[in-house]
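**Student:** Below is one structure. I have some questions about it.
Residue numbers (the working numbering): 2 to 1212.
Put into structure tokens, the structure is as follows:
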């Protein structure tokens, strides 16, 4: 497919270029092609190592790398004789193509010494960073409570006033302050400016904001008042008062206008107040607030009074935030770790001089190196990241930034992304500073879907709500129309958008059919469904219908229409965390396969079961976890059995009732379950105290077979993957040396509070509907998209915080006068709430845009709404002003306003269509009761009858059930073993030592004296094994300069005894004549002459292939298929010469000369492996291998029987 004129312009443009890429407009393809264009067309030629290409997620970076590599390989295939493409592919893996954080990490590691960081620093995972931050803040607050820290009394007062005596709100705010400031290019400067503002005795900044606030309020409400009905005389009067205000009024003029409005609200004509005041309620409420601050008298200055009451508390809060940042930074430095904020801030420190506001020498070096800077998804940037990229980029005539993004798809405000940065570039790069190029040709969706989307957002999205006007540069065009005729309106003019509205609460108990038949049971079952389950069932039934009627969708590969499959369908939710289980349950009942993307991890039943058990192990006196575990498959008690247990002790913890039940009711059917669980629980709790958390969790899964049981259930593989991910979290937690059940549960609580969840690898379903959040769907597309739960209220909790944090107004507290317990908004709090409501609703509107633009062929919108709200919103035409858009409580409110105002459609009929969409209104839930093969009754039958399976599914099940692990022998073969163990296997039935003088030594033998020093002495009497250990230890510790005679050896024994390395008994057990005979032998004398090369008790670990070990062990033909064995050993005495190695192994068998040959045969494999291992490790041959038998005072040379020269096998 060729490029559109806009894409071509973006590819060839140079300088600073901003590409505003709407949904489905081929932005990644354009970005990759521009990269290739830079490599081909630039003079002198550009190389990949002169290009920086970054984005903000690992997935996006991986896709970018994959596409660029594919294009390079295409060019190489076309130009096989051009070495340039080979060169670019060669350096591809080292090119700067990835996430911004990966580039920052590389930069920080290169300059660790300038930053005074650990050269081996690691990046702390987000969850670990959060836990460390919590612990640091806990320690800091404890020091304030103890009165040890500076400003302790002020901090305590802050918690008392602003936290209402609870420190959790202050903790949350300190962490928010830290995270927010770390996204700024100069965190210290922001904190300094805030402290300076609150240090002023006069609220000068507040007075400026009050005038600006009155002006903005006037501009926002004046159009709304002008649009009110002309017979509303009070609206007209208020409108005149607002219109009298100048564009830049003084505070006195603003106060006068507010007084006039306040006076207008005092008297209303008889019979008119209700009708006339209703549309003015919000306006008059805001006017009253502003008047209360602008009405200054000689006695009282409201602004100054509020200022005096809160500025000391805000100063304390800012000071606490500074202390926390310093303590947190120190904690990370001590651990040698950084978090993602550190990567950005350290990079800024290297690249940008905050004093001179200029690029540093490091940045200038990078500017010389980088000829082009590409950044994708720039709408998700923050201030610090923007500063980093600006510092790396050239300026003026050499400007070289290529930024791609779309404000309409900026949906990461919760991660502190700032879409205004991108919007500002759009406005400033339309001239000499750069070029802004819109991409609007959509190659994804049907023309009918694009018409619906354009109409909707032309009515909803505007500069002040959504951050961008939906104008000609935002409207999506049906791209490549000549080659996509089948998807055009000319081919099919029927709407491809469906709206399904479900009216809640329309059925009551009195509507229940009489009798106790199947219909009555189905009705009761439906009435017991949660609201989410009802909507899930509605959606499932619609998808079943689409599948049954062979609904057609476009196949991009075959370029033809085909019937939809389950995998063509996706259900998108604003927040699936608490609803994924509802959809899984209902889709399972309907027989629809479902694949749930990451989300709802902590709410999934399997994870909840295990976390409840961990909570119980931490503290069994918790009723909810106890009941959850007892009723879960881990124990399997029925509700009746739980009731019986509760009756044993009607008051007090359920755990105590369980213990009493176990002690007194052995005849009850549930007793065996309780008995088995209590025994397991005692074992698991002991494990939780003694070993790592992951080991304890592994034991639970192993002993209950819970993970295996999950595989037999619906969505079993995905649920099993969730359990394995939870186990992985525990293992990860153990690795960071933060063992402890309580700490782990705190860590999980922190993750849930922050709404962050671990990545879980999706289990591939051959054909399944996808369920995911709108955020997860970004960048994806599906033939059939269901945007569900549109009646869910917007989350406005942040607008009700005690203290708000705002980009423009900074810290914004509520005011608590000292003489009352009541609170009211301060001026910045009120202004910030107005501003943040707009920002929040703007993000919700952008989320709706992202969700709708995922659809390729069919878009289905669903929502549940109460009947009174439906009658008000959908049956009456309403205005689409800024005020009405800001008053919306959910997505359906916006859709209703657009539907009635823009399309002129009121849903008086329960079913219908217009040119843009078709709709269906469900007045009650009786459609959910319909009995059919896929309804609830069928689910009951499935429990009693076998489920018919097609041939392919039956064959697949047979393969699973009959599967045998092909390398079962490997499960009995240790992957890590010792040389001695291998030798013992060769000896088979022969004893390890014949009439042993002492046993084989361990890798770290300890004498009796050493055991005493370590507090491990169980007996004063030496066993034969201890005598043997003593001989080996003596040979290890004796000075080679004092082994010439028996007397010298005795003196050495005395020395070791004096140094408490040998006991008197051990020294007395040594066979000095046998030891002296070795050192006087030809072998011993040669060793003494090479004393500086001697290594004793030399431990080694080496990896062998099974073939290499096969000569020393009985070979199992099933074992050696790409397996390897790690072998450990300890060589008694080794002489490491520069070009060769001598190896000596001492043996103490009490044997005769006649038995010697047989013993040598047994020990040969051991020495051969020793020789192989040492040759491989030290890269030189073992030229001499000797067995020395102390009892016979003889040495025997051993032939290795194989090459022991340098090998490439991993060591």
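Each residue gets a CB set at the ideal place from its N, CA and C atoms; glycine is no exception. Being a predicted model, the structure only gives us computed values, none of them experimental.
From which residue to which residue does the alpha helix (DSSP H) around residue 1180 run?
**Tutor:** In the DSSP assignment, residue 1180 falls outside any alpha helix (DSSP H), carrying neither H nor E.
**Student:** Out of curiosity, what's the CA-to-CA distance linking residue 694 and residue 669?
**Tutor:** Residue 694 and residue 669: Cα-Cα distance of roughly 34 Å.
**Student:** In whole angstroms, give me the CA-to-CA distance for residue 882 and residue 466.
**Tutor:** Each residue's Cα considered, the two are about 11 Å apart.
**Student:** As a quick exercise: from 530, 339, 341, 364, pick the residue whose alpha carbon is nearest that of residue 351.
**Tutor:** 364
**Student:** Work out the CA separation of residue 682 and residue 661 for me, nearest whole Å.
**Tutor:** 16 Å
**Student:** Tell me the start and end of each unbroken alpha helix (DSSP H) in the region 484–567 that is at least 4 residues and wholly inside, in chain order.
**Tutor:** 519–528, 532–549
**Student:** Start and end of the beta strand (DSSP E) containing residue 436?
**Tutor:** 436–440
**Student:** Is the separation between the beta-carbon of residue 32 and that of residue 76 shorter than 9 Å?
**Tutor:** no
**Student:** Quick one: complete alpha helix (DSSP H) runs, 4+ long, within the region 267–335?
**Tutor:** Qualifying alpha helix (DSSP H) stretches, in chain order: 274–278, 282–295.
**Student:** Using three-state DSSP, classify residue 1199 as helix, strand or coil.
**Tutor:** coil
**Student:** Residue 798: buried (16+ other C-beta within 10 angstroms of its C-beta) or exposed?
**Tutor:** exposed
**Student:** Assign residue 1167 to buried or exposed, taking buried as 16 or more other Cβ atoms, counted over all protein chains shown, within 10 Å of its Cβ.
**Tutor:** buried
**Student:** Helix, strand or coil: how does DSSP classify residue 920 here?
**Tutor:** strand
**Student:** Considering only the beta carbon of each residue, do residue 773 and residue 554 sit closer than 9 Å?
**Tutor:** Cβ distance not < 9 Å, so residue 773 and residue 554 don't count as in contact.
**Student:** Quick one: measure Cβ to Cβ for residue 581 and residue 604, integer angstroms, because I've assumed they're closer than 8 Å.
**Tutor:** 7 Å
**Student:** If you measure between the beta carbons of residue 859 and residue 485, is that distance less than 9 Å?
**Tutor:** no
**Student:** So what does DSSP say about residue 914, is it helix, strand or coil?
**Tutor:** Assigned with DSSP and collapsed to three states, residue 914 falls in strand.
**Student:** Smallest Cα separation from residue 820: which of 53, 162, 44, 97?
**Tutor:** Closest option to residue 820, judged by alpha-carbon separation, among 53, 162, 44, 97: 162.
**Student:** How would you write the range of the beta strand (DSSP E) that residue 188 sits in, first residue to last?
**Tutor:** Note, residue 188: premise wrong, no beta strand (DSSP E); alpha helix (DSSP H) at 188–200.
**Student:** Opposite residue 867 in the DSSP bridges: which residues?
**Tutor:** In DSSP, residue 867 forms a bridge with 505.
**Student:** Taking 9 Å as the threshold (C-beta atoms), are residue 906 and residue 913 in contact?
**Tutor:** yes
**Student:** Let me know the secondary structure DSSP gives residue 1127 once reduced to three states.
**Tutor:** It is a strand residue.
**Student:** Under a Cβ-count criterion, where at least 16 other Cβ atoms within 10 Å of its own Cβ denotes burial, should residue 416 be classed as buried or exposed?
**Tutor:** exposed
**Student:** Here's the rule I'm using: 16 or more other beta-carbon atoms within 10 Å means buried, otherwise exposed. How should residue 41 be labelled?
**Tutor:** exposed
**Student:** Taking residue 570 as part of the alpha helix (DSSP H), name the residues at either end of that continuous run.
**Tutor:** First-last for residue 570: 570–574, but that is the beta strand (DSSP E), not the alpha helix (DSSP H).
**Student:** What's the gap between the Cα of residue 671 and the Cα of residue 659?
**Tutor:** When rounded, the distance between both Cα atoms is 11 Å.
**Student:** Using 9 Å as the threshold, is the C-beta distance between residue 108 and residue 438 below it?
**Tutor:** The answer is no: Cβ separation not under 9 Å.
**Student:** Express the C-alpha separation of residue 248 and residue 806 in angstroms, rounding to a whole number.
**Tutor:** 28 Å
**Student:** Determine the direct distance from the alpha carbon of residue 372 to that of residue 49, and round the result to whole angstroms.
**Tutor:** Their backbone Cα atoms lie some 10 Å apart in a straight line.
**Student:** Counting C-beta neighbours from all protein chains within 10 Å, is the total for residue 986 16 or more, i.e. buried, or is it exposed?
**Tutor:** With a pLDDT of only 49 at residue 986, under 50, the local geometry of the prediction cannot be trusted, and no value is derived from it.
**Student:** Report the residue from 243, 1155, 321 whose alpha carbon sits nearest the alpha carbon of residue 156.
**Tutor:** Taking the Cα of residue 156 as reference, the smallest distance to any Cα among 243, 1155, 321 is reached at 321.
**Student:** Helix, strand or coil for residue 593? Go by DSSP, reduced to three states.
**Tutor:** coil
**Student:** Classify residue 815 as helix, strand or coil using the three-state DSSP reduction.
**Tutor:** strand
**Student:** Among residues of its own chain, excluding the 5 on either side of residue 70, which ones have a beta-carbon nearer than 7 Å to its beta-carbon?
**Tutor:** 93
**Student:** In angstroms with no decimal places, state the Cα-to-Cα distance between residue 827 and residue 148.
**Tutor:** 30 Å
**Student:** Hey, quick one: how far does the beta strand (DSSP E) through residue 182 stretch, first residue to last?
**Tutor:** Here residue 182 belongs to no beta strand (DSSP E); instead the alpha helix (DSSP H) covers 169–183.
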